[in-house]
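Residue numbers (our numbering), protein chains in the order written: chain E, 1 to 325; chain G, 1001 to 1348; chain C, 2001 to 2518; chain L, 3001 to 3335.
Just so you know, even glycine gets a beta-carbon here, dropped at the ideal spot from N, CA and C.
Read through the structure below, which is laid out as structure tokens, and then see the notes.
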Amino acid sequence: MTSLSTAVAGTAARADRATVLRWTRDNGVYVALVLIVVYNVLFTPRFITWDNLDVQLVLCTRIVVVALGMAMVIGTAGIDLSVGAVMALSGALLVQFSGVPGVGAIALALVIGGLVGVLNGFLVGVVGIQPIVATLAFLFAGRSLAQLLLAGKNPSIHDKVILGISSGHVLGVNGLIIAALVAVGLVAFTVRRTNFGRQLLAVGDNARASYLSGVPVRRTLIGVYVLSGVLAAWAGVMDTASITSANALSSGLNYELFAITAVVVGGTPLTGGRVRVVGTVAAAILMQLLRSTLIFHSATDAVSQMVTAVVIVGAVYIQRVRARA
Amino acid sequence: MSTTAPTGVPDGPATAGTGLAARPVEPVAATGSRVAAALQRNGVAAFAALALLVLVGSVLWPSFHTLDNVRNTVLGNSYIGIVAIGMTLVIITGGIDLSVGSVFALGGVVGVYVSNQAGPVAAVLATIVACGLIGLINGMLIGYARMAPFIVTLATLFGVRGLVYQLTGAGARTYSVPSDSFFAHLGTGVLLTIGYPVLIAIALYVVFHVVLERTPFGLTTLAIGGGEDAAVLMGLKVRRTKVSLYVVSAALAGVAGMLQAAQLVSASPIIATGYELQAIAAVVIGGTLLTGGAGSLIGTAAGVLLLGTINAFIRELQLDSTWNNVVSGAFLVTVVVVQRLLNYRRAD
Amino acid sequence: MAELTTAGALPVLEARGVSKSFPGVKALSDVSITVRAGEVHALVGENGAGKSTLIKILTGVYQCDSGELRHRGEPVTFADPRAAQAAGISTIYQELDLVPMQSAARNLYLGREPRTRLRLVDFARMRREANALLDDYQIRADVDVPLNTLGLGTQQMISVARAVALHANVVIMDEPTSSLESREVETLFGIIRRLRSEGVAIVYVSHRLDELYRICDTVSVLRDGRLVHTGPMAELPRVQLVATMLGRELQTALHRSAPGGGDRIVAGPPVLELRGLTRRNRLHDVSLEVHRGEVVGLGGLLGAGRSETGMAVLGAQELDSGAVLVEGKPIRTGSPGAAIEAGVALLPEDRKLEGILPNLSIRDNIAIAALPRMSRLGLVSDKRIDQLVEHFMARLHIRATGPGQKVSTLSGGNQQKVMLARWLCLSPRVLVLDEPTRGIDVGAKFEVRQTIDELAAEGLAVLLISSETEELVDESDRIVVLKDGAVVAVLDGDDISEHDLVQAIAAVPSPEEDPTRD
Amino acid sequence: SSSSAGSTSGGTAAAAANPTVASSGAASASGDGCTASALGYPKISLKGAKVGFSQSEPETAAFRIAETKSMVDEAAAQGATLIKTNANSEIAKQVTDIQGMINQGVQLLIVAPLNSDGLQPAFDAARAKKIPVVTVDRLVNSKACTDYLTFIGSDFVSQGKRAADAMIKQTGGTGKVAILLGSSGNGVTTDRTSGFVDEIKTAPGIQVVAQQTANFARTDGQTVMASLLQAHPDITAVYAENDEMGIGAETAIAAAGKTPGKDIKIVSVDGTHDAVQLLVDGKYNGVIESNPRFGPLAFKALADFENDTPVPAKIIISDNEYTPDNASANLSKSF
Ligand SMILES: Nc1ncnc2c1ncn2[C@@H]1O[C@H](COP(=O)(O)OP(=O)(O)OP(=O)(O)O)[C@@H](O)[C@H]1O
Ligand SMILES: Nc1ncnc2c1ncn2[C@@H]1O[C@H](COP(=O)(O)OP(=O)(O)OP(=O)(O)O)[C@@H](O)[C@H]1O
Ligand SMILES: [Mg+2]
Ligand SMILES: [Mg+2]
């Protein structure tokens, strides 16, 4: 009798634990975000202030924008390593063509970003090259193209429209945050409400089956890489606006890695078939808060990198798909 | 070769491609495919491009094919070559190891430090153990916790670099070895005019080629890449093999870093950033599929030499070095596209 | 030790009170079965009854939530499939468990490769032994080419050979015949008989009832994860077996009332017309017509080119020459989307590779093909999708926790129904069904076939590809027989009989040897 | 005699390009000196000679651009053929680059080492072929005269020290300073930090409240500074180890609603045009030059070596200093 009741209790407890585990798995990034906020409330003076949170949000906007494009690419089981180089190229274009009105220069940068996406998408979707290799080529080449474009000069931006993106405010909200929110809205809408969004998930889950179900696989893939390229170029514009100049070498450096980190920590699996927009944004904020928490605590670069590694592993670990039950 | 992305693997390889998504699965004619497959596996495109480059270079410039030049190119690329061995094996399982560059730096620091403290033998052992441990962490998280290799090794890429900075006081302490020490000799010594690192790289290629092609461990490695779930159901030692491969990859990266530190008689904490991408490029150019399941070390060797030769080529061309990366990128695309087309031809 | 039972043999493998739950589903509750040496034990049940789950527990893929396993009387736990294999339990899983890019020889010997004195793999010996092994079991295949260049049936037979060659004391087969043609089935039965005579215990899962009666000694029936019956096969008549499985009587006979005519509208111009489809080494001048309300069967051996003909209808097959016309208008190749738009629907043969979107929900899987139709300006209407999905889940009796369940967690048969729903919701004019009843249970098979009848009656043109002669004969108004990519016979009207079909399919008379055992 | 003529014209070129160097010449020199005869190297005339220049980092930063340009200009002025390579920040590539140039038949080498260690094999190869190597910008841990001919460069520790002096002067000796560090693991970072930190101790009123890596990059300078301003609202001064980070910090300070140059003083090292312009605009407080124009000095050292004029082991190039007072006058000298 007793053994039976304990067994029943055991099962119940196990079910509870399973539910909790499943919940943390699906919401791990929010748990981590809450943890870091709680830590800072307790241990970091001056951290939790409106002013600081505003600053931190502004700082992570560039990653957010790049990561959203990356999330869609990863949704198709692909990856886009070219985004950092596209940011640098976009900045270089902006600087080179800042003579034309800012809007024109921005449009040009976005178009070129999109063209890089066409190239990537073509290699992936039509030629059938692994995304990681197809986009690796532009990671190598793009930054050098930016360098050639700048021809050894780092001129500053003076265009009011471009500078307005970073210095302007709408209803007290910084222009960069608005620029990022526009991207978030756009991507969330695309993923949730459009055929294209549904189809990209299907392609990521099983490309062959999608093809046979009438999904325009090539068009979808090209579209996804184009969006990623345009968003990266948009992030390049934001970056340039914010530092008022372009640098072929440091602009967007390693952003592909940061973006992938944000996407994965945000709960989007690298195997495709799923895109978590809000999770990605939360993860980008998490990584930024982590970085600044470390700065608040005067951590050295060495310690920062090690802590970052542990946090990435931890956040992904709690969200991992468990092995066979 | 199935041209569709693997399906149904809940947490499988990060690199699951959607390549050729829209193409119907092409049945492969049985006859003739074996030759083509063998060529493909051994990176025929890379070999062809390599031969072409060497030929053109030799015709254009007298210095291009001098023994010294060849020796230098090979020596300079032997380190990345050793890294690429581990990368090939990991990629064959459908995984990836992004941490090799950082581990390379760690290998150099540990090697030089221990060599100064306890001699060369201890240095080699300590390097293998220290770097192997990083590989073990990667492997456990990937094999047992079933996390995606891409993200795990991305984290160790950051973490190990931080560790190296920590060990060197962010570069404030430089580690160097006396250039007449036995340890330095590991990197600078020559036998029959060939540098030790080259000989060691060749030996490692031979050993791991045999391991991959002729041992159950190697067959298991290929099987995991070809279908991890099937390999589990077949009762193969999937997890243990995966863990071992990440250990091997890290240990090889560490040994390569140690050898380079020996050659340069000093260890630098900022060395080898971006090596992971170079190694991946070499592996892919060598014909190994990023989706896993097929690949060869001979091809990888060709890929490494090809990338090295491109650098030599650009130097001879006197092109602004800015073009270096543009040309490398273009080359990468060309070679993989050619490979892809060879596959199509084969499919008919 | 263990006493002799009525069956006169030792229990080799036992499950006692095994239960297993997945999130939202109780897949098995308190199931006990005993498998004895030298018996062929049938495990039957509807799709989703828990057969595969039980097998995976017996072989260490899953661990049971409660209950215990006994092997040769001793309690055991298998941590992974490796452990079960080491104990002498070898398994052919429902989803093919081989490595497609490797050669047949390697697949046969993976994990137990012959070695040279240097402890290296002895490929020469491996090849020799592989050839000998396949010869021994009358399986014809080149052992050196990658497995994925061989037909599905051959792959399945290689999987059987691998399992059998392990010298196991228990061999478990989860739907081994689902992609075998009749001659291969005979070969398999030969192997099973041989194993039984050697005292090996065999667990056999199949939805083909004929097979069960031919080869099995004992039967255990699962329904909704519970064991509802165990006993000698021969003592359970067919009708009762079906009733036990379904938990209800299946009154209607599986035969269509009026094959090949009656109320069908076979007049007017063809809805689907294939003109001289040719593809090097694959298809040679394949032509056929399907009219409104007509079911045209496509018969032939594995690799005869049936699936490729089907793919051509969807525009998913590159052609050297020839054309596909739907209602007189040619279909553009390379764009299934356009074909679907023109009213074509195709249920592919390989569900896992070409059908399901495994990590997406039932809802998304059903709606994917219909998306362009159900949206305005590229925007999705979830309300319309939900209505549609609800309707088809009810109509096809899809057994799931809800429309949000991931398709990969459905049983094979229910996955097949989801696929069918995906196509039916398009209300197509031409429906190509490639092995529509593969792997689905008798009840579902009945439903699918009834659906085909209904659809044809509604005026749909159906092209039915099936390896089950009975199904082809019962369902078709006309049967086109393919061989090596060319049309070799067309059976019409009164010519349609199983005997004629088998004659037409195989130039050599099909193996009609005595189905009774021994 | 032809080489001495070349040397003179080199001096003129240097004077045109950089009055700082021309006015003070080699600011200081040390060591006994090294000559071609003493080493038994063949005599080579600079005119028509094949000279190799191995650059270490991509020519994106203004410093590297100016450095390479001064080599190209001087080689042209001397009538030498210059072969350039760029190691793209990779030490192994730099070794192969140098070895490759030796195989291409260069007779003289100028190397901008990526770091203080790791070029030994390249030096060995050059020595074997009796090719003199002038190293510029970064001092290597090898033997002068034998491994390399001489080192021409700035004293990074002293740059840090001078930055501290400028800081003390600009702040009046009180305040809270944040340091934006260069890339981790880089010898320049270490030197510019230690020079600054040691010297700033002479002003007891100044306190270093934070040190954070910003990777010599403008974006990082901006993002790190933004967080630092939140963590330490009382910061009154920033020392950036290069101009890029300093300019990034300036943006962050302005964005935080403070006035750069007034509320928070900024001192950095390099002497790029952008930074000096900010100084002119009053948003910046001091720039210590790190002089990249090594061309004239390097070619002069090579000429001396061939002419058996002893070349010292170390030639320290003089670095200018831009202050709020001299910035507008000297803006054209920035690079
Ligand atoms: N990994 C899983 N996660 C969640 N549910 C699962 C999983 N595997 C099986 N199930 C569920 O368990 C039940 C039993 O499935 P199982 O595959 O054992 O059925 P089956 O009897 O083999 O059916 P079929 O004849 O269609 O193959 C089904 O309801 C299925 O949806
Ligand atoms: N001789 C062969 N060589 C290579 N691949 C083959 C061969 N025969 C068949 N296949 C593969 O098997 C698949 C099915 O072949 P096909 O469409 O020709 O046969 P089928 O008549 O539809 O047979 P079934 O559907 O019963 O398997 C093809 O897509 C093809 O990839
Ligand atoms: Mg099943
Ligand atoms: Mg078929």
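Return yes when the Cβ of D80/E is within less than 9 Å of the Cβ of G69/E, no when it is not. By one-based count along the first sequence, residue 69/E stands at place 69. By one-based count along the first sequence, residue 80/E stands at place 80. Yes, they are a contact pair.
Which chain C residues are close to A1294/G, counting only those with a beta carbon under 7 Å from its beta carbon? Start at 1 with the first residue of the second sequence, and residue 1294/G comes out as number 294. The contacting residues are M2101.
If Y2204/C sits next to L2043/C, beta carbons under 8 Å apart, how far is it from one beta carbon to the other, in whole angstroms? For the purposes of this step, residue 2204/C is taken as the residue at position 204 of the third sequence. For the purposes of this step, residue 2043/C is taken as the residue at position 43 of the third sequence. Between L2043/C and Y2204/C the Cβ distance is about 7 Å, and since that is below 8 Å, they are a contact.
Could you tell me if T308/E is buried or exposed, where buried requires 16 or more neighbouring beta carbons within 10 angstroms of its beta carbon? If you number the first sequence from 1, residue 308/E lands on position 308. Counting Cβ neighbours within 10 Å, T308/E comes out buried, since at least 16 surround it.
Three or more beta-carbon pairs under 8 Å between the segment 2345 to 2352 of chain C and the segment 153 to 170 of chain E, yes or no? Contact between the segment 2345 to 2352 of chain C and the segment 153 to 170 of chain E is not established, with fewer than three Cβ pairs separated by less than 8 Å.
Considering only DSSP beta bridges, list what N174/E is partnered with. What you label residue 174/E is simply residue 174 of the first sequence in a count that begins at 1. Note: N174/E is bridge-paired with H169/E in the DSSP secondary-structure output.
Taking 9 Å as the threshold (beta carbon to beta carbon), is V1243/G in contact with chain C? The count along the second sequence starts at 1 and reaches residue 1243/G at position 243. Not closer than 9 Å to any Cβ of chain C, the Cβ of V1243/G fails to qualify, so no.
Assuming H2391/C is part of the alpha helix (DSSP H), what are its boundary residues? As a working note, residue 2391/C is residue 391 in the third sequence. The continuous alpha helix (DSSP H) containing H2391/C extends over residues D2382 to R2395.
Let me have the residue list for ligand 1: C-beta closer than 5 Å to any non-hydrogen atom, ordered along the chain. For ligand 1, residues qualifying as neighbours are F2022/C, V2025/C, A2027/C, N2047/C, G2048/C, A2049/C, G2050/C, K2051/C, S2052/C, T2053/C, T2409/C, L2410/C, S2411/C, G2412/C and G2413/C, where qualification means a beta carbon closer than 5 Å to at least one of its heavy atoms (chain order).
Which residue's Cα is closest to the Cα of G1169/G: V173/E, V226/E, T300/E and L21/E? Counting from 1 along the second sequence, the entry for residue 1169/G is found at position 169. Closest option to G1169/G, Cα to Cα, is T300/E.
Within 9 Å of any Cβ in chain G, is that where the Cβ of G3185/L sits? Numbered from its first residue, the fourth sequence carries residue 3185/L at position 185. G3185/L has a beta carbon lying within less than 9 Å of a beta carbon in chain G.
Tell me which residues share the same chain as L1961/C and place their Cβ nearer than 7 Å to its Cβ, disregarding the 5 neighbours each side in the sequence. No statement about residue 1961/C is possible, as the shown extent of chain C runs from 2001 to 2518 and does not include it.
Cβ-Cβ distance between V2295/C and E2475/C below 9 Å: The sequence position of residue 2295/C within the third sequence is 295, counting from 1. The sequence position of residue 2475/C within the third sequence is 475, counting from 1. Taking 9 Å as the Cβ cut-off, V2295/C and E2475/C qualify as a contacting pair.
Residue-chain proximity (I3131/L, chain G), Cβ-Cβ < 9 Å: By 1-based counting over the fourth sequence, the position of residue 3131/L is 131. Closer than 9 Å: no.
For L1157/G and chain E, any beta-carbon pair shorter than 9 Å? As a position in the second sequence, residue 1157/G is number 157, starting the count at 1. By this cut-off, L1157/G is an interface position.
Please confirm if A2316/C has its CB atom under 9 Å from at least one CB of chain B. Although the question refers to chain B, the structure presented lacks it and instead comprises the protein chains E, G, C and L.
Return the residue from the list T194/E, A248/E, G91/E and Q305/E that minimises the CA-CA distance to Q3212/L. The residue labelled residue 3212/L in the question sits at position 212 within the fourth sequence. Ranking T194/E, A248/E, G91/E and Q305/E by Cα distance to Q3212/L puts Q305/E first.
Alpha carbons only, please: which of N3115/L, G3153/L and N3103/L is nearest the one belonging to I3131/L? Here residue 3131/L refers to the residue found at position 131 of the fourth sequence. That would be N3103/L, whose Cα lies nearest to the Cα of I3131/L.
Can you check whether the CB of L59/E is closer than 9 Å to the CB of S292/E? On the first sequence, position 292 is the one that residue 292/E refers to. On the first sequence, position 59 is the one that residue 59/E refers to. Yes. Within cutoff.
Whole-angstrom Cβ separation of E3057/L and L3114/L, contact assumed at under 8 Å? Looking up residue 3057/L in the fourth sequence gives position 57. Looking up residue 3114/L in the fourth sequence gives position 114. So it is a contact: roughly 7 Å between Cβ atoms.
Would you list, in chain order, the members of the segment 3236 to 3252 of chain L that have their beta-carbon closer than 8 Å to a beta-carbon of chain E? Cβ contacts with chain E come from E3244, I3247, G3248 and T3251.
What does S2375/C touch in chain E if you count any residue whose Cβ is under 7 Å from its own? Working through the third sequence from its first residue, we reach residue 2375/C at position 375. Within 7 Å of the CB of S2375/C, the CB atoms of chain E belong to N195, in sequence order along the chain.
Sorry if obvious, but does the Cβ on Q2156/C come closer than 8 Å to a heavy atom of ligand 3? Within the third sequence, the letter at position 156 stands for residue 2156/C. Using a cutoff of 8 Å, the CB of Q2156/C does not count as near ligand 3, since none of the ligand's heavy atoms is closer than that.
Proximal chain C residues relative to R1214/G, where beta-carbon distance stays under 7 Å: Counting from 1 along the second sequence, the entry for residue 1214/G is found at position 214. Correct list: L2120 and V2121.
Taking only beta-carbon atoms, is V307/E less than 9 Å away from chain L? Here residue 307/E refers to the residue found at position 307 of the first sequence. V307/E does not count as touching chain L.
Quick one: what does DSSP say I2496/C is sitting in, helix, strand or coil? What you label residue 2496/C is simply residue 496 of the third sequence in a count that begins at 1. Judged by DSSP in its simplified three-state form, I2496/C adopts coil rather than helix or strand.
Let me see if you follow: with CB-CB separation under 9 Å, is R2332/C close to chain E or not? Along the third sequence, read from residue 1 onward, the residue named residue 2332/C stands at position 332. So no, R2332/C is outside the interface.
Distance, K160/E Cα to L2410/C Cα: Start at 1 with the first residue of the third sequence, and residue 2410/C comes out as number 410. Start at 1 with the first residue of the first sequence, and residue 160/E comes out as number 160. Straight-line Cα distance between these residues: approximately 58 Å.
Answer yes or no: does any C-beta atom of chain G fall closer than 9 Å to that of A3026/L? Within the fourth sequence, the letter at position 26 stands for residue 3026/L. Residue placement at A3026/L is flagged as unreliable, the pLDDT there being 43, under the threshold of 50; a coordinate-derived value is accordingly withheld.
Could you spell out the range, first to last residue, of the alpha helix (DSSP H) harbouring E2289/C? Working through the third sequence from its first residue, we reach residue 2289/C at position 289. Careful: E2289/C lies outside any alpha helix (DSSP H), inside the beta strand (DSSP E) at L2283 to V2290.
Segment contact, 8 Å Cβ cut-off, at least three pairs: the segment 3225 to 3232 of chain L with the segment 3295 to 3307 of chain L: No, they do not touch.
CB-CB length for T1093/G against T1221/G, believed under 8 Å: What you label residue 1093/G is simply residue 93 of the second sequence in a count that begins at 1. What you label residue 1221/G is simply residue 221 of the second sequence in a count that begins at 1. 6 Å between Cβ atoms; contact.
Indicate whether the contact test is met: 3 or more Cβ pairs, each with one atom in the segment 126 to 134 of chain E and one in the segment 199 to 213 of chain E, closer than 8 Å. By the Cβ rule, the segment 126 to 134 of chain E does not count as touching the segment 199 to 213 of chain E, because fewer than three pairs are nearer than 8 Å.
With 9 Å as the threshold, decide whether the Cβ of P2403/C is near any Cβ in chain E. One-based indexing of the third sequence puts residue 2403/C at position 403. By this cut-off, P2403/C is not an interface position.
In the structure shown, what three-state DSSP assignment does R2478/C receive? The sequence position of residue 2478/C within the third sequence is 478, counting from 1. Look at R2478/C here: in three-state DSSP terms it is strand.
For Q3055/L, three-class secondary structure by DSSP: Position 55 of the fourth sequence, counted from the first residue, corresponds to residue 3055/L. Strand at Q3055/L.
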